[in-house]
Structure formats: structure tokens, C-alpha cells
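A.B. asks:
There are 2 protein chains.
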Amino acid sequence: MARPREFQEDEIVKTVFRAFWRRGYAATSMRDLEAETGVGTASLYNAFGDKRALFRTALEAYMDAHIRSRMRRLERMAPVARIDAFVHEVVSALADDSEPAGCLVINSVMESAAGDRGMRDYVAGCIGEVEEFIRVALEDAAAQGAISPDLPVRDVACGFMTMLLGLHVAAKLRPGLCALESAARPMLSVLRHRTFPAGRAKS
Amino acid sequence: MARPREFQEDEIVKTVFRAFWRRGYAATSMRDLEAETGVGTASLYNAFGDKRALFRTALEAYMDAHIRSRMRRLERMAPVARIDAFVHEVVSALADDSEPAGCLVINSVMESAAGDRGMRDYVAGCIGEVEEFIRVALEDAAAQGAISPDLPVRDVACGFMTMLLGLHVAAKLRPGLCALESAARPMLSVLRHRTFPAGRAKS
DNA sequence: TACATTCTTCAACAGATGTTCTAAAATTGG
DNA sequence: CCAATTTTAGAACATCTGTTGAAGAATGTA
Chain A
175 MARPREFQED
185 EIVKTVFRAF
195 WRRGYAATSM
205 RDLEAETGVG
215 TASLYNAFGD
225 KRALFRTALE
235 AYMDAHIRSR
245 MRRLERMAPV
255 ARIDAFVHEV
265 VSALADDSEP
275 AGCLVINSVM
285 ESAAGDRGMR
295 DYVAGCIGEV
305 EEFIRVALED
315 AAAQGAISPD
325 LPVRDVACGF
335 MTMLLGLHVA
345 AKLRPGLCAL
355 ESAARPMLSV
365 LRHRTFPAGR
375 AKS
Chain B
175 MARPREFQED
185 EIVKTVFRAF
195 WRRGYAATSM
205 RDLEAETGVG
215 TASLYNAFGD
225 KRALFRTALE
235 AYMDAHIRSR
245 MRRLERMAPV
255 ARIDAFVHEV
265 VSALADDSEP
275 AGCLVINSVM
285 ESAAGDRGMR
295 DYVAGCIGEV
305 EEFIRVALED
315 AAAQGAISPD
325 LPVRDVACGF
335 MTMLLGLHVA
345 AKLRPGLCAL
355 ESAARPMLSV
365 LRHRTFPAGR
375 AKS
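Respectively, the protein sequence lines represent chains A and B.
Mind the numbering: the first sequence is residues 175 to 377 in this note's numbering, read in order.
Mind the numbering: the second sequence is residues 175 to 377 in this note's numbering, read in order.
#1: Any idea if B/Met293 is buried or exposed, counting beta-carbon neighbours within 10 angstroms, 16 or more meaning buried?
#2: With H, G and I counted as helix, E and B as strand and the rest as coil, what does DSSP make of A/Ala221?
#3: Determine the direct distance from the alpha carbon of A/Cys352 to that of B/Arg256, and round the result to whole angstroms.
#4: What does the Cβ neighbour count give for B/Asp224, buried or exposed, with the cut at 16 atoms within 10 Å?
#5: Taking 8 Å as the cut-off, decide whether the C-beta atoms of A/Val364 and A/Val330 are in contact.
#6: Output the distance between the C-alpha atoms of A/Val279 and B/Arg197, rounded to the nearest integer angstrom.
#7: What does A/Met337 reach in chain B if we use C-beta pairs closer than 7 Å?
#8: Return helix, strand or coil for B/Glu180, following the three-state DSSP convention.
#9: Write down the C-beta distance between A/Val327 and A/Arg309 rounded to the nearest angstrom, noting that I regard them as a contact closer than 8 Å.
#10: Answer with yes or no whether the minimum CB distance from B/Gly299 to chain A is below 8 Å.
#11: Just the Cα atoms here: how many angstroms apart are B/Ala259 and A/Arg246?
#12: Using Cβ-Cβ distances below 8 Å, what residues of the stretch 212-232 of chain A are close to chain B?
#13: So with CB distances below 9 Å, who are the chain A contacts of B/Gly292?
#14: Return the residues of the stretch 176-206 of chain A that lie within a Cβ-Cβ distance of less than 8 Å from chain B, sorted by chain order.
#15: Going by the beta-carbon positions, is the gap between B/Met204 and B/Thr211 smaller than 8 Å?
#16: Which chain A residues sit within Cβ distance under 8 Å of B/Val330?
Structure representation (C-alpha cells):
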């Protein structure tokens, strides 16, 4: 019926979100994307709309490839181990120098929070998905008696999410794996606390 | 000897760091600064150097006015109360809509971490000052027996700093004061020796 | 082969950016 | 008042930005 696309959208979007991930939204120009994808800007506009829409598409692809896939992969683990594994996978990914620093979604919170309310709502939703993943794990753990029933689940989930956000900021300063693990340890120890005696509050 | 300045540097720098704080480094143009300070760009270049140097000057002024002053004001409190007060002041400031969102230094971690190593080292130093403030407080607390001697001071300090970083990301999404307090509560509970006091842990 | 339709290439646009140049203005010491 | 020196105001600069227009290229159908 007409001339076909010369590129595969999935591949291009993957390249695009890596570019945004590395340099940020504003600092990545359409010409940068043209150079890195090999697709002309006019074709990008034709296929995805304007820069903002392309960024939204890239964000969604990033969420699927890097965040939701991890949550799905871990969701059948025992609840406490599930949180442990999630945190440790995030820490490992953050310490991996072969990937851009931090997380595209969280980077975007900082960058687009000023001004673009639609974008802010979107990334808030993404982060809400992760917080829910943690909250569900905590509820499972409480139901199974794997954590103290006195732990306030909502607060602890909120605390974990905040720690994860903080790790992503810390990762921008390119610390070592050990430093990130140290940063995560105190919150993880909360899961091990028991209410009974007043003796041991160890890591 | 020569024509005198028509502006007071301190005042201008204060206006400048507020502008960078609100919109970020890249998104604040020299013309924006000209409009907000009432000082022509040529005068800004003459007085401060280029945009990057002006930003460094602004960062330093921000640190003194908003961070170091707080640490100095609290440093004579009892150690656990000192940490409590610091965290709660940060939370209150973050929930205050009359000031720009987040913290200029932490915003800069996210923005300038890519590329500008000099800037990254500088903001890493700023954050190191805060982490040291917390670490010293924890050491004081341990020495006084105000916290369990088994708490790993370095890890907990690192955990607190990470939580603080995370709070500043969360604040960009403009949650309420209560949500920020919930986010901080689990880490604060680590200080109360053992675990969540079984009774009063709800919001 | 011819048409209709979609894609690609490349140039162009209008506006914004950091920075600098020119010339005028304001001050102090002689 | 003159000369020296610094600050200003405003235009000018080259470059980069997101986006679009015009013309040609590739396809399926008739």
C-alpha cells in the first residue's frame, strides 16, 4: 500500500531510551537521536510524534525492559527474600558501570518535575508501581508471620521506596558496590527486627 | 579609582541560587538571570566569570544559607534528638510549597553528574558534609549509650543519608507532609534501639 | 505501467543559547 | 578639568534547538 518503514520501532525505542537515560531529556537533542539511531529526525517525528511523545514512549519501554520485568521475575519468591532480592538487584545494576547511571524514570522525576505536570503524573505512577510491589511483599510477609506483625506496612513500604530513590541519587556520584550495600543495609535490617525482647538490634 | 558596582554581590547570588534552584542549571538561561536579578549579563560575566562559575558561587551560598546553618544550629543538641530534629526540619522544608522543590545541591547531583567531573566532586563534598554530621551524631549517641552499641555507625549514617536523598526525590512529586514523615519513620525507628515500639507506630 | 500512499532525505526556519564586542557612563586621583 | 579605570547597556556572534516543507523513493493494487 505504501513505502514500508526502514527501521524496527522496538529497536529504535531501545536506542532512544538509552540515549535519554545517559544524557537526560533536555540534554539529548533530536539530532543526537538521529545520529545514534541512524533514523532521520523527520522519520522520528512521523513515527512517534514530537520529542515529548517520543520520550513517553521511551519511558514506557524502559519500564517494561528494566523495572516491570524484574518485579515479575521475583514475584513468586518468598516475600522477605523478594524484597531482599529486589534491593540487591537494584544495587548491582546501579554499581554496573556498563550501563548509564541511575534510572531513567527517577532521573526524569528530577528533570521534568518542574513544569510538565503530565510527565510528573506519569513517572509518579511508575514509582507507585514499585512501591506497591514492596507493599504487597510486606503484606504477604506479615500474613505469613515472616515479619513482626507490629511493623507498619505502609510506612515501611514508603521507607523502602525512599531508600531506593536515594540509592539512585547516590549512584550518580559513582560510589562502589560496597557503599551502596551499606546504604541499603539499615532498611533491610528493619525486616529482621522482632518486637519481643529488647536485646539485639543488629544488622 | 573606577566606576563602582551598582549591585551587592550577596543579594544577587541569593537571587541567582533561587533561580537555579527553581528551574535547574541548564534550564536557567543567562537572560533569565538578567531578568530576575536586574543585572545585565555582561555585568554578571564581569563579576562572576562564566555561567558555570556563577553556578558554583551560587551553590556555595546555598550551602551556607540552607544546609550548613542548619547543621550549626543543631550541633549542640543531644545526639539522637539532633538527628531527629535535622530530619524533621528537612521534611518540613521539603513540604513547604513557598520554596522551590527539593534541594539545589541534590538537584545538581542529578543534572550535572553526567559529564562535569569538577561539579560532581564538589556536590559530592557537600553531601559528604551532611553525612559526616550524621555520623558524628551517631558516634556521640553510641558513646553516651543513647543507641545500641551494636548499631553499625557507618552503615546507619550511610542509610540516613540515602533516606535524605530519597526524600528529596520524593518531594519533587509534591506529596504531603504526612507522606514524607511516613517515609522517614522506619529509618528513625532504627535509632530507637531495638525495633518499632509495639504500640505507637501508626501515622 | 500508472496511481495512491507512505516513508526518507535534506534543507530550511524561527527562536533560544552562552558569550563577547563596542561604546557610553560613572567614579577616583592628579 | 583630565586621564585612568572599571562597570554598564545593548547589540552582535556563532551555534544549537525543536520542528516542518518539498522533493524523491519504495511499496501494494489496478
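Ideal Cβ placement from N, Cα and C applies to all residues, glycine included.
Remember, it's a predicted structure, so these values are computed and weren't measured experimentally.
C.D. replies: Judging by the given coordinates:
#1: When all chains shown are included, B/Met293 counts as buried.
#2: A/Ala221 falls in the helix class under three-state DSSP.
#3: About 27 Å.
#4: That one is exposed.
#5: It is a contact, given that the beta carbons lie within the stated cut-off.
#6: If you draw a straight line from the Cα of A/Val279 to the Cα of B/Arg197, it comes to about 19 Å.
#7: Simply Thr336, Met337 and Gly340.
#8: Coil, per DSSP.
#9: Yes, A/Val327 and A/Arg309 are in contact; Cβ-Cβ is about 6 Å, under 8 Å.
#10: Closer than 8 Å: no.
#11: If you take the alpha carbons of B/Ala259 and A/Arg246, they lie about 39 Å apart.
#12: Listed in sequence order: no entries.
#13: What B/Gly292 touches in chain A: nothing, since even the nearest Cβ is about 13 Å away.
#14: Against chain B - using a Cβ distance shorter than 8 Å - the residues of the stretch 176-206 of chain A are Arg196, Arg197, Gly198, Ala200 and Ala201.
#15: No, these two residues do not count as a Cβ contact at 8 Å.
#16: By Cβ distance, chain A contributes Pro360.
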